[in-house]
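Okay, structure first, notes after.
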Amino acid sequence: MNGAPVRKFGFLVHPLSYDDVERYDPGAVGKGRPIIKKILEWIPPYRVSDIVGVRSAATGEEIEGHFIGVPLMPEQWLELPRTDIMARLVGAAELAKELGCGIIGLGGFSSVVGDGGVTLAETVPGIAITTGNSYTIAAGIQSLFRAAHELEIDIPGASAVVIGATGSIGSACAQILGNKVARVTLAARNATRLKNLAHAMQPHVAAQLDWTVDIRDAVRNADLVLTATSAVSAIVEPEDIKAGAVISEVSLPHDVSRRVATERPDVLVS
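Positions 130 to 399 (the numbering used here) are the ones given, in order, by the sequence shown.
Here is the structure:
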């Protein structure tokens with residue numbers, strides 16, 4: 130995906146909760162959720178804010194960027210027709226291009242429902258598209274292992290679960306963990322895809338490999354938990370987690386309930 134020199138970048142953002150909408154626009158407080166959702170459907174992509182003063186560690190060149198809002202709630206990204214979603218993404222990419230961006234990152238659900246930017250790149254030439262998945266995978270694994278070291282967990286002997294294992298990020302993380310720990314459980318909603326993933330992975334990993342659609346049961350037995358789903362609400366609750374476990378969360382919205390922070394001081398979420 131070739132484009133202009135990458136001196137300015139854009140990043141697509143959207144609200145993750147109704148609290149986000151109310152913080153951004155206090156006028157939304159007290160409005161019903163159906164009304165807020167309908168209003169958001171009417172708002173086209175727009176320039177939210179600018180990023181200045183960033184300097185490349187590699188070249189020393191100063192880089193500028195723009196946050197571009199595509200204001201839809203997480204569930205709207207999944208509910209609205211694909212043609213509507215693509216039209217919004219095209220509008221956001223064209224706005225970024227007008228602002229002089231050479232590359233745009235697809236944040237939140239814009240990467241989940243936008244086929245990783247492939248169609249978008251074909252529709253809006255002259256600007257590079259990235260999901261940031263490679264960076265997310267590396268950061269998620271690094272965060273998980275760092276937290277495990279802090280809690281003195283024996284990583285080679287540990288049991289790990291990857292929630293959302295059939296996605297692009299989850300499957301890559303599972304492959305890495307499969308040669309770092311003793312046991313990996315693949316967890317997701319689709320049993321057929323899980324079975325196929327496990328079959329494809331087994332010859333290439335040293336760990337014992339299992340799969341399940343029972344996420345809560347898998348989490349209860351895991352020393353290490355990595356979440357990488359596109360769920361619109363929390364799926365890991367305080368009572369689900371093994372004592373002393375560590376969790377690396379690379380999902381937005383968050384897969385881990387906020388209650389974990391207050392009710393499970395023995396658990397480290399990174």
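Cβ coordinates follow ideal geometry from the N, Cα and C atoms, glycine included.
Small disclaimer: the values here were computed from a predicted structure and weren't measured.
Specify, as a first and last residue, the run of the alpha helix (DSSP H) that D148 falls within.
Within the sequence shown, residue 148 is the residue found at index 19, counting from 1. From DSSP, the alpha helix (DSSP H) with D148 extends over 147 to 153.
Contact check, L355 vs V291, beta carbons under 7 angstroms
Along the sequence shown, one-based indexing puts residue 355 at 226. Along the sequence shown, one-based indexing puts residue 291 at 162. It is a contact, given that the beta carbons lie within the stated cut-off.
Would you identify the three-state DSSP class for S362, choosing helix, strand or coil?
Walking along the sequence shown from the start, residue 362 turns up at place 233. Note: S362 maps to coil in three-state DSSP.
Beta strand (DSSP E) containing D339: first to last residue?
If you number the sequence shown from 1, residue 339 lands on position 210. Its beta strand (DSSP E) spans residues 337 to 341.
Length at least 3, wholly inside the segment 347 to 391: the beta strand (DSSP E) runs in chain order:
353 to 356, 375 to 378
Which one of L381, Q271, I376, E208 has the shortest CA to CA distance from A289?
Position 160 of the sequence shown, counted from the first residue, corresponds to residue 289. The residue with the shortest Cα to Cα distance from A289 is I376.
DSSP has T248 in a bridge; who is on the other side?
Position 119 of the sequence shown, counted from the first residue, corresponds to residue 248. For T248, which the question treats as bridged, DSSP gives no partner whatsoever.
Could you have a look at L235 and say whether DSSP puts it in helix, strand or coil?
Within the sequence shown, numbered from 1, the residue matching residue 235 stands at position 106. Three-state result, L235: strand.
Using only the alpha-carbon positions, how far apart do A364 and S239 sit?
Start at 1 with the first residue of the sequence shown, and residue 364 comes out as number 235. Start at 1 with the first residue of the sequence shown, and residue 239 comes out as number 110. According to the sequence provided, residue 364 is Ile. The question's Ala does not apply to it. The straight-line gap from Cα to Cα measures roughly 21 angstroms.
With 16 other Cβ atoms within 10 Å as the buried cut-off, status of A280:
Residue 280 sits at position 151 when you count from the first residue of the sequence shown. Reading off the sequence shown, one finds Leu at residue 280, where the question assumed Ala. Burial call: exposed.
Kindly list the residues whose CB is nearer than 6 angstroms to the CB of A320, restricted to its own chain and excluding five residues on each side of it in sequence; keep chain order.
On the sequence shown, residue 320 is found 191 positions in, with the first residue counted as 1. These residues qualify, in order along the chain: V342.
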